[in-house]
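S.K.: Residue numbers (the numbering used here): 5 to 162.
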Ligand SMILES: [Zn+2]
Ligand SMILES: [Zn+2]
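1) Can you tell me where the alpha helix (DSSP H) holding residue 29 begins and where it ends?
2) Could you pull the DSSP bridge partners for residue 75 from this structure?
3) Leaving aside the five residues before and after residue 158 along the sequence, list all residues of the same chain whose C-beta is less than 6 Å from its C-beta, in chain order.
4) Give the straight-line distance between the Cα atoms of residue 48 and residue 56, rounded to the nearest whole angstrom.
5) Quick one: Cα of residue 68 to Cα of residue 134, how far?
6) Evaluate residue 86 with the Cβ neighbour count: other Cβ atoms within 10 Å of its Cβ, from every protein chain shown; 16 or more gives buried, anything less gives exposed.
7) Could you check if residue 105 belongs to the surroundings of ligand 1, using beta carbon to heavy atom distance under 6 Å?
8) For residue 101, which three-state DSSP category applies?
9) Taking the DSSP output, what are the residues bridged to residue 41?
10) Less than 6 Å separating the Cβ of residue 119 from some heavy atom of ligand 2?
11) Considering only the alpha carbon of each residue, which of 6, 42, 83 lies closest to residue 31?
Here it is as structure tokens:
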């Protein structure tokens, strides 16, 4: 509940009212390591708030982001994922099924950028996205290959 309490305080500081919808999103994000998309958050709340619109969910997420309560991960082109853990960490996503995992490896903050970049920018943060294929997907793929090999042999025999 620490996360929700923290967000209630941050919203009040910013003069934002704590509506039942806002509170529901705080609670949904509290301790959530699933990196949900706005769509997933929306469908998770639809049962309790039948009149809730997707735009409302999106705007609440935007306010939470502005209050420093979530990281917006643009690891996929089609959709953003939201992470209530705003500490420095990175992510890996399976390009087949979209499984997303945290990478808590922070030595990247020691990475030294080229001087011309440092002259032009004062760096305030960074995040690295890794792409790959998860074990379940690569095992499925091997199975699929096995399956297609059998009828091909059968066809040759005929
Ligand atoms: Zn996968
Ligand atoms: Zn994360």
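Just so you know, even glycine gets a beta-carbon here, dropped at the ideal spot from N, CA and C.
M.R.: From the atom records:
1) Taken as a continuous stretch (DSSP letters only), the alpha helix (DSSP H) holding residue 29 covers 24-33.
2) Beta-bridge pairing links residue 75 to 87.
3) Caution is warranted here: a pLDDT of 44 is assigned to residue 158, below 50, making its placement in the model unreliable, and no coordinate value can be reported.
4) Their backbone Cα atoms lie some 11 Å apart in a straight line.
5) As the crow flies, the alpha-carbon of residue 68 is around 25 Å from that of residue 134.
6) Of the residues assessed, residue 86 falls on the buried side of the cut-off, its CB having 16 or more other CB atoms within 10 angstroms.
7) The answer is no for residue 105.
8) Residue state, collapsed to three classes: coil.
9) Here residue 41 is bridged, per DSSP, to 85.
10) Remark: the C-beta of residue 119 is outside contact range of ligand 2, defined as less than 6 Å to any heavy atom.
11) Per the C-alpha coordinates, the member of 6, 42, 83 positioned closest to residue 31 is 6.
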